[in-house]
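Residue numbers (mature numbering (1 follows the signal peptide of the UniProt record, and there is no 0)): -22 to -1, 1 to 547. The beta carbon of each residue, even a glycine, is placed where N, CA and C say it ideally should be. Just so it is clear, the structure is predicted and the values come from calculations on it, not from any experiment. Everything on this sheet refers to the single structure shown next.
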Ligand code: NOJ
């Protein structure tokens, strides 16, 4: 997700030196020893999340068209071990099983995404609408509602129809706005009588930066310093158009809400007494969350982005800024197009000022003039970029409150991964992560931040983009070696369940009890999982060994018969 190369060992060492030098800098403020016991407001919504490409599998089944991720993952060298989402968790075939897991957790909502090419194979409505794909989502939505689970539906979790990429260049082309609007309109028409929470885009920062700057994600383009800004520009416009479509055509009948899900790490100044570091940290957040949130809530890009990218573009001899601009009409069309804000948050960085001369060439990363650092003492159980820094969450939520007029917030992603090799279901570190991050969210609510719901990321272990299956974010472990993709609960299932049923953390005594009980139950799940190779082995016996032995027997009998016949003659 984040660029690991920016976190050089040297930076880490510098940070340690800084911290020991600045003794009065209380960076652990709000962190250790300040757990807040209390409960969430009544009606607070608890959920888990997933996304289509990461879990569904069935990449070419029942008339589904190809997405940019199908094509990207089938090219060698794009994903770790060349893994693909072709079958992933086989979620397409396991709707009932997965809803049983949601029920087990006693959740209020489930966040999932619709695969655009599954319901519109080329991405273009006039070409073809795939009724089998529509039926799949219809059934999923109906089953959720029958089980009293509210669907929160993302329209775009990165799987653009490949035809739109090939024909128009994907998010580098203005026409995406109109195709996306047609697709969203079809979703409102077919599902909107039952779906009341719509998210237009998931984490557009990743789409822009990883899809069009670094090329680590599909469509794998490296249009440094311009591609990401252009992609973001069209995504923001597409979001606004879809919001207006809903507002004009569907809102009065369907009475739902349309939001966007933005991801953002918190950026903390390395030295809080240095004005330069304070400004650098602010820039970090503005180039991340603010890039999308400021136009949507306040009508234009953050001033600091306009200044920095404009200045660097001029120094690079360009006549206009690499950051596109909105006309005044567009600004007012975009401003206020968010009924609720989805926040995806995982981690924090320390930020310090660092100048990158314009001669380095155009790049999103150098446009910001900053360096990211981490504290080596922060726990990092899984993904390289994901350090557990709970206090950053409260700060980010408060930042959203003050910058964007205290909008209604749903936390749409928050969670932690573990390493691939880890088949340990007693996920202590995940329980700890959830406990502390959820507690910081509770503190933020006490600060007055308008958070209405929380979505743990994610229900299942699944395809983790360019990291393949090597990073497991699930509350449920998925055995990918077994073609039935069985799910096993990790201890965090029990722990999260307790938080949900108590609507928070009523008392220290209880919360400690939850931890002990969760650890007790996970050891029996561990035994089940340990028995799994046996199941796979048994499958191999029935699928490969038995037919082979039978064929050999038939062959031998035939040879023996021939031999007997010859002798007889
Ligand atoms: C954000 C993405 O939206 C999601 O798909 C991914 O699994 C998480 N980050 C973790 O990397």
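Residue 129 - partner residues in DSSP beta bridges: 88
Residues of its chain near residue 367, where Cβ-Cβ distance is below 7 Å and the 5 sequence neighbours each way are ignored: 325, 326 and 356
Option in 260, 182 and 126 with minimal Cα separation from residue 249: 260
Close-in-space but distant-in-sequence residues of the same chain around residue 220 (CB under 6 Å, 5 per side omitted): 159, 162 and 178
Distance cut-off 6 Å: residue 181 Cβ against heavy atoms of the ligand NOJ: Checking the Cβ of residue 181 against the ligand NOJ gives yes.
Assumed close pair residue 42, residue 93 - CB separation to whole angstroms, cut-off 8 Å: 7 Å
Outcome for residue 543 when other beta-carbon atoms lying within 10 angstroms are tallied against a minimum of 16: exposed
Cβ-based burial, residue 89 [other Cβ within 10 Å; buried from 16]: buried
Completely contained beta strand (DSSP E) runs for the region 381 to 457, where each covers 3 or more residues: List check, beta strand (DSSP E) in window: 387 to 391, 429 to 434 and 454 to 456.
Residue 67 and residue 440 closer than 7 Å at C-beta: yes
Segment contact flag, the region 8 to 28 with the region 44 to 51, C-beta cutoff 8 Å, min 3 pairs: no
Buried or exposed by the 16-neighbour rule on C-beta atoms within 10 Å, applied to residue 380: Exposed, because fewer than 16 other Cβ atoms sit within 10 Å of the Cβ of residue 380.
Integer Cβ distance of residue 372 from residue 418, believed to fall under 8 Å: 4 Å
Residue 246, buried or exposed, once every other Cβ within 10 Å from all chains shown has been counted against 16: buried
Integer Cβ distance of residue 480 from residue 408, believed to fall under 8 Å: Actually they do not touch by this definition, with Cβ atoms about 18 Å apart.
Which listed residue (167, 74, 100 and 347) has its alpha carbon closest to that of residue 233: 167
Local conformation of residue 235 per DSSP, three classes: strand
Straight-line Cα distance separating residue 197 from residue 338: 25 Å
Cut-off 6 Å between Cβ atoms - residues of its own chain near residue 61, not counting five sequence neighbours on either side: These residues qualify, in order along the chain: 446 and 447.
Residue 450 at chain B interface by Cβ criterion, 7 Å: The question asks about chain B, but that chain is absent: this structure has only one protein chain.
Own chain partners of residue 223 with C-beta closer than 7 Å, once the 5 adjacent residues on each side are dropped: Counting only Cβ-Cβ distances below 7 Å, and skipping sequence neighbours, we find 159, 162 and 163.
Rounded C-alpha distance that separates residue 494 from residue 406: 10 Å
Opening and closing residue of the beta strand (DSSP E) in which residue 321 lies: 319 to 322 is the extent of the beta strand (DSSP E) around residue 321.
Exposure label - residue 538; buried when at least 16 CB within 10 Å: By the neighbour-count criterion, in which a residue is buried when 16 or more other Cβ atoms sit within 10 angstroms of its Cβ, residue 538 is exposed.
For residue 344, the three-state DSSP class (helix, strand or coil): helix
Burial state of residue 392, where buried means 16 or more other Cβ atoms lie within 10 Å: buried
Stretch pair the region 21 to 40 + the region 63 to 77: three plus CB contacts closer than 8 Å: yes
Contact under 7 Å by Cβ, residue 267 with residue 242: yes
Buried/exposed call for residue 113, threshold 16 Cβ in 10 Å: That one is exposed.
Secondary structure of residue 312, DSSP reduced to three states: helix
Distance between residue 474 and residue 204 (C-alpha atoms, nearest Å): Residue 474 has its alpha-carbon roughly 42 Å from the corresponding atom of residue 204.
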